[in-house]
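*Asks:* Chains as they are written, first to last, in my numbering: chain R, 7 to 206; chain A, 52 to 247.
Glycine included, C-beta positions come from ideal geometry on N, C-alpha and C.
Remember, it's a predicted structure, so these values are computed and weren't measured experimentally.
Sending over a structure as structure tokens; questions will come in a sec.
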């Protein structure tokens, strides 16, 4: 039950992009077409899940026992950068077709703040490994969902005429605002679920 | 002197990271629920940016080209860790309100972008001025966005109440307001620039 709660909360109630403002750069940058947005979403899902597992293990088995918790930021970003590079190399060898689909997005992911953000949040929220993984997967799915919906909206938007000053980023931001408002409709669902599951 | 002034002006106006280059959007949207939060995020980023520009312009000839980006990230991450400790020690309330966004300065594209585009090609003094210019441009943008959101959302600026007690469009303090306010501010900037 607890995992369902984490799952629903991370996707809808505290959507990583629309209510926590992490991963805004790819959200605004590669969302002009649904196909690229979905590729980016998949790449993030893949790396985010892996990165969360690895950084969690590093925090619990390397940093904490040695009293090095203050090195968290440096250690995590290095691990993420190395991991992304490794995923890229492995994918190239093992699955060229998947590499074709995700390849362009992988280097961009290192500086995607939702990866580092989620890695740190899992430690801050004091999750265990399984909870952390569920949280990471559902956050990534939330990211994917937001990306694809937003890209769909922008595809429609590119066919409409907007005032010159609003063209491009401003109108995209206003659209994101409306989408974020729509997601606000989910707020409170987590509280309801807690009562329903008897976790309160 | 004139040259440095030009670098400075370039960062604040011509290449304003938020309104013109559209970089570093996560902290821009995530930390501007009030003018004070925006300002403190801007200043924190500025501090890291100036130091990282300085250090990277000093070490640029020592670092092999292939490991350039990882080395820059280590420099930036170390600076952010130091900053995080300083903020925790001297301004715990800032640490509380910015929270996760302080360690996330590491992945702010403005910093790595300036390291790559400017500090890796220019001398230390120019790089410092570039850091100051871009940093102030970013801080001004964040403070402005924070002030707009705080004014519309809570009827105050920097915590000074300007509207009646019961005033408040909560929407602007919450997530959608960030997107909305930034969208319209960029549109206004676009309009002003096209008039020029």
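1) Using a Cβ-Cβ distance under 8 Å, would residue 42/R count as near chain A?
2) Please classify residue 150/R as buried or exposed, where buried requires at least 16 other C-beta atoms within 10 Å of its C-beta.
3) Measuring straight from C-alpha to C-alpha, what distance separates residue 160/R and residue 52/R?
4) Between the stretch 116–136 of chain A and chain R, which residues of the former have CB atoms less than 9 Å from a CB of the latter, in chain order?
5) If we define contact as Cβ-Cβ less than 8 Å, is residue 76/A a contact residue for chain R?
6) Okay, do the stretch 154–162 of chain A and the stretch 90–110 of chain A touch, 3+ Cβ pairs below 8 Å being the bar?
7) When you compare the CB of residue 46/R with every CB in chain A, is at least one pair closer than 8 Å?
8) Quick check on residue 137/A: does DSSP put it in helix, strand or coil?
9) Out of 69/A, 178/A, 136/A, 205/A, point me to the one whose CA is closest to residue 236/A's CA.
10) With DSSP as the reference, please indicate the residues paired to residue 211/A in a beta bridge.
11) Determine, using beta carbons only, whether residue 80/A comes closer than 8 Å to chain R.
12) Taking all protein chains shown into account, decide if residue 130/R is buried (16 or more other Cβ within 10 angstroms of its Cβ) or exposed.
13) Is residue 217/A helix, strand or coil when you go by DSSP?
14) Can you tell me the Cα-Cα spacing of residue 11/A and residue 193/A, whole angstroms?
15) Report the residues of the stretch 14–25 of chain R with a CB closer than 7 Å to any CB of chain A, ordered along the chain.
16) What residue range is occupied by the uninterrupted alpha helix (DSSP H) comprising residue 8/R?
17) Starting from residue 98/R, follow the alpha helix (DSSP H) in both directions and report where the run begins and ends.
18) Taking only beta-carbon positions, decide if residue 103/A is within less than 8 Å of chain R.
19) Rounding to the nearest angstrom, what Cα-Cα distance links residue 59/A and residue 171/A in this structure?
20) Anything in the stretch 231–245 of chain A with a Cβ closer than 8 Å to a Cβ of chain R? List those residues in chain order, please.
21) Any C-beta of chain R sitting closer than 8 Å to the C-beta of residue 157/A?
22) Does DSSP classify residue 66/A as helix, strand or coil?
23) How far does the alpha helix (DSSP H) with residue 53/A in it reach, from first residue to last?
24) Who are the neighbours of residue 183/R on chain A, taking C-beta pairs under 7 Å?
25) Between residue 73/A and chain R, is the shortest Cβ-Cβ distance under 8 Å, so that the two count as touching?
26) In terms of alpha-carbon separation, which member of 59/R, 98/R, 73/R, 72/R lies closest to residue 85/R?
27) What does residue 151/A touch in chain R if you count any residue whose Cβ is under 7 Å from its own?
28) Out of curiosity, what's the CA-to-CA distance linking residue 72/A and residue 185/A?
29) So with CB distances below 8 Å, who are the chain R contacts of residue 175/A?
*Replies:* Reading off the structure:
1) no
2) buried
3) 25 Å
4) 120, 121, 124, 125, 127, 128, 129, 131, 132, 135, 136
5) yes
6) yes
7) no
8) helix
9) 69/A
10) 208/A
11) yes
12) exposed
13) coil
14) No answer is possible for residue 11/A: it lies beyond the span of chain A, which begins at 52 and ends at 247.
15) 24, 25
16) 8–14
17) 78–100
18) no
19) 18 Å
20) 231, 233, 234, 235, 237, 238, 239, 241, 242, 245
21) yes
22) coil
23) 53–60
24) 227, 230, 231, 234
25) yes
26) 59/R
27) 123, 126, 127
28) 11 Å
29) Per Cβ cutoff of 8 Å: no residues; residue 175/A is ~23 Å from chain R at best.
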